[in-house]
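Here's the structure, in structure tokens; my notes come after.
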Amino acid sequence: MAMAAFTTIRPSDVPIKNPFVSLVKFYKNWNAVRQTRETLNNLSARELADIGMTRGDIENFARRARA
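Taking full-length UniProt numbering, I'd label the letters of the sequence shown as residues 1 to 67.
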């Protein structure tokens with residue numbers, strides 16, 4: 001009786017990420033969140049209301065900011 005052999009070893013479809021590139025992306029994202037938060041915190045309550053936001057919305061909105 002003949003047996004077939006299959007190999008499951010193959011190159012990954014996902015390239016290995018460069019740690020430096022990942023660090024730069026992390027920093028850019030962190031800085032975008034920081035700048036957005038700072039800008040929105042500098043607005044008055046009236047200005048925030050004009051754009052449909054409250055102080056409580058700032059953190060969630062800032063976290064959605066992307067570089």
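Each residue gets a CB set at the ideal place from its N, CA and C atoms; glycine is no exception.
So, under 8 Å CB-CB, I58 and N41 are touching, yes? Tell me the CB distance rounded to an integer number of Å. Their Cβ separation, rounded to whole angstroms, is 6 Å, which keeps I58 and N41 in contact under 8 Å.
Hey, could you find the ends of the alpha helix (DSSP H) D50 is sitting in? Taken as a continuous stretch (DSSP letters only), the alpha helix (DSSP H) holding D50 covers 45-50.
DSSP state of T36 mapped onto helix, strand, coil: helix
Supposed close pair L48, R37 - CB separation, criterion 8 Å: With a Cβ gap of about 13 Å, L48 and R37 do not count as contacting.
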